[in-house]
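Presented below is the structure to which this report refers.
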Amino acid sequence: MTVRTVRFYAGRGLIPPPRREGRNGFYGSDHLARLELVRELQAHGLTLSAIEGYLERIPSDATPEEVALHRTLLAPWSPDLPEQMDRATLEVRSGRTLSRFLRYRLCLLPPIRWRSYPGWKKRRSICCF
Numbered sequence: 000m001t002v003r004t005v006r007f008y009a010g011r012g013l014i015p016p017p018r019r020e021g022r023n024g025f026y027g028s029d030h031l032a033r034l035e036l037v038r039e040l041q042a043h044g045l046t047l048s049a050i051e052g053y054l055e056r057i058p059s060d061a062t063p064e065e066v067a068l069h070r071t072l073l074a075p076w077s078p079d080l081p082e083q084m085d086r087a088t089l090e091v092r093s094g095r096t097l098s099r100f101l102r103y104r105l106c107l108l109p110p111i112r113w114r115s116y117p118g119w120k121k122r123r124s125i126c127c128f
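Position 87 (the sequence shown) corresponds to 86 in numbering that gives the first Met the number 0; numbering is contiguous.
Written out as structure tokens, the structure is:
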């Protein structure tokens with residue numbers, strides 16, 4: 000990001016003005032957090048006017064961590080992809096040996112939210128051991 004862009008954002012009120020010492024302006028972690036949030040909002044297709052409206056709702060005394068939380072909430076959430084694993088892998092992940100009774104009970108469980116995965120066939124894939 001160029002110095003000119005940072006100055007433009009400060010002039011527009013997207014970031015707070017820098018701390019001045021003589022002719023120099025100093026930007027801290029709070030400025031950096033807001034700049035990263037502006038960049039993230041632009042990546043989501045928001046105009047600068049829309050970004051101004053969004054940033055007005057964030058308190059001016061918000062810490063960099065609080066601003067980073069807003070940025071985190073913008074991140075896309077994606078569901079875990081379904082996995083098929085053999086008995087040994089399942090035992091390693093669960094940290095225990097699966098008894099015959101427990102394996103039988105696992106076979107009775109339907110796949111979790113199978114409709115949310117395109118192309119995933121409804122079947123009991125756990126029963127392959």
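Quick reminder that beta carbons are idealized off the backbone N, C-alpha and C, glycines included.
Exposure of residue i, with buried meaning 16 or more beta-carbon neighbours within 10 Å
| i | result |
| --- | --- |
| His30 | buried |
| Val2 | exposed |
| Tyr103 | exposed |
| Leu72 | exposed |
| Leu108 | exposed |
Through-space distance from residue j to residue i, alpha-carbon basis
| i | j | result |
| --- | --- | --- |
| Ala32 | Glu64 | 8 angstroms |
| Asp60 | Leu68 | 14 angstroms |
| Pro17 | Thr4 | 14 angstroms |
| Leu54 | Ala74 | 17 angstroms |
| Thr46 | Glu20 | 32 angstroms |
| Tyr26 | Arg92 | 46 angstroms |
| Leu13 | Glu39 | 13 angstroms |
| Arg86 | Leu97 | 8 angstroms |
Coil, strand or helix - residue i by DSSP
| i | result |
| --- | --- |
| Glu20 | strand |
| Thr1 | coil |
| Arg95 | coil |
| Glu90 | helix |
| Leu107 | helix |
| Leu13 | coil |
First through last residue of the alpha helix (DSSP H) which encompasses residue i
| i | result |
| --- | --- |
| His69 | 63-73 |
| Asp151 | Because the chain is modelled from 0 through 128, residue 151 falls outside the range shown and cannot be assessed. |
| Glu51 | 47-55 |
Identified DSSP bridge partners for residue i
| i | result |
| --- | --- |
| Phe25 | Arg18 |
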